[in-house]
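In my numbering, the protein residues as written are 276 to 523.
Virtual Cβ for every residue (Gly too), placed ideally from N, Cα, C.
Owing to the predicted nature of the structure, the values given are computational and were not obtained by experimental measurement.
Report on the following structure.
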């Protein structure tokens with residue numbers, strides 16, 4: 276039976292004070308390693324070291340959207356990776372057109388190991404390409420490894436936000452991204468073994484969650500049930516659910 280090891284490097288919402296922001300690692304059955312979102316600051320490096328997953332081991336990143344709790348750690352990931360692997364190929368970033376616009380702005384504003392950036396990628400001051408962009412459209416399948424593919428689907432959050440389905444060797448994992456309850460996600464998750472779904476608030480606070488572009492724990496459960504997935508994991512939790520997530 277195919278296997279995929281999933282390591283959480285951050286499971287907190289943007290306002291969480293006790294959890295790192297969103298980032299996950301998929302180690303696929305064919306040897307492909309994927310970083311899903313990049314958290315903020317150096318959380319990917321700190322969480323990865325604790326789990327034996329060094330930053331220099333990443334070659335492919337899938338981004339869900341441009342909010343800084345999912346994106347801003349990218350600069351530290353590419354910087355640490357480039358310093359540790361002087362002969363490494365560019366870090367491949369898969370993202371939507373809207374997210375790319377914000378990545379370019381971020382590169383131009385921080386200059387962290389980036390001296391030149393355009394719609395193809397980013398180079399450092401030595402002229403070495405340290406990042407390479409691949410713009411994706413919802414429903415488009417991309418090949419990431421011998422038996423690993425991925426496709427994104429629209430999320431109900433902000434313009435250009437997506438979730439991701441990754442298939443590897445017959446196993447499928449779906450990440451919701453940030454989203455309200457989303458019929459597109461339900462369709463994308465059909466037949467998947469695992470759904471990783473955000474859960475910002477309880478059903479009693481659905482209106483507040485929806486106003487922020489987020490789901491409730493009940494929304495996650497309903498999506499999992501409608502898609503018929505085998506397992507559901509909640510993520511993007513706010514601080515009040517750290518000690519006891521059971522109310523979700």
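Asked	Found
Segment contact flag, the region 338–356 with the region 307–325, C-beta cutoff 8 Å, min 3 pairs	yes
Proximity winner among 446, 420, 454, relative to residue 435 (alpha-carbon distances)	454
Test item: CB-CB of residue 326 and residue 300 under 9 Å	yes
Whole-angstrom C-beta distance between residue 440 and residue 463, which should lie under 8 Å	5 Å
Inter-residue CB distance, residue 277 and residue 304 (contact presumed, cutoff 8 Å)	4 Å
Proximity below 9 Å, CB of residue 340 to CB of residue 448	no
For residue 367, the first and last residue of its enclosing beta strand (DSSP E)	366–370
Pairwise C-alpha distance: residue 420 and residue 426	13 Å
Sub-9 Å separation of residue 450 and residue 471 beta-carbons	yes
Through-space distance from residue 412 to residue 366, alpha-carbon basis	20 Å
Beta-carbon contacts of residue 484 that lie in its chain and below 7 Å, excluding the five residues immediately before and after	475, 476, 490, 491
Buried versus exposed call for residue 356 [16 or more other C-beta atoms within 10 Å across all chains shown]	buried
Member of 479, 302, 371, 343 whose CA lies at the smallest distance from the CA of residue 333	302
Residue range of the alpha helix (DSSP H) that includes residue 462	458–464
Counted within 10 angstroms of its Cβ, other Cβ atoms place residue 548 as buried (16 or more) or exposed	No information on residue 548 is available, as it lies outside the stretch 276 to 523 that the chain covers here.
Inter-residue spacing [alpha-carbon to alpha-carbon] between residue 371 and residue 480	30 Å
C-alpha distance - residue 452 paired with residue 468, whole-angstrom precision	17 Å
Bridge partner(s) assigned by DSSP for residue 450	439, 471
Euclidean distance between Cα positions of residue 461 and residue 297	21 Å
Own chain, CB closer than 7 Å to residue 343, minus 5 neighbours either side, in chain order	315
Separation of residue 362 from residue 456, as counted between CA atoms	43 Å
Pair within 9 Å by beta-carbon distance, residue 328 and residue 387	no
Alpha-carbon to alpha-carbon, residue 354 and residue 378	14 Å
Exposure label - residue 324; buried when at least 16 CB within 10 Å	exposed
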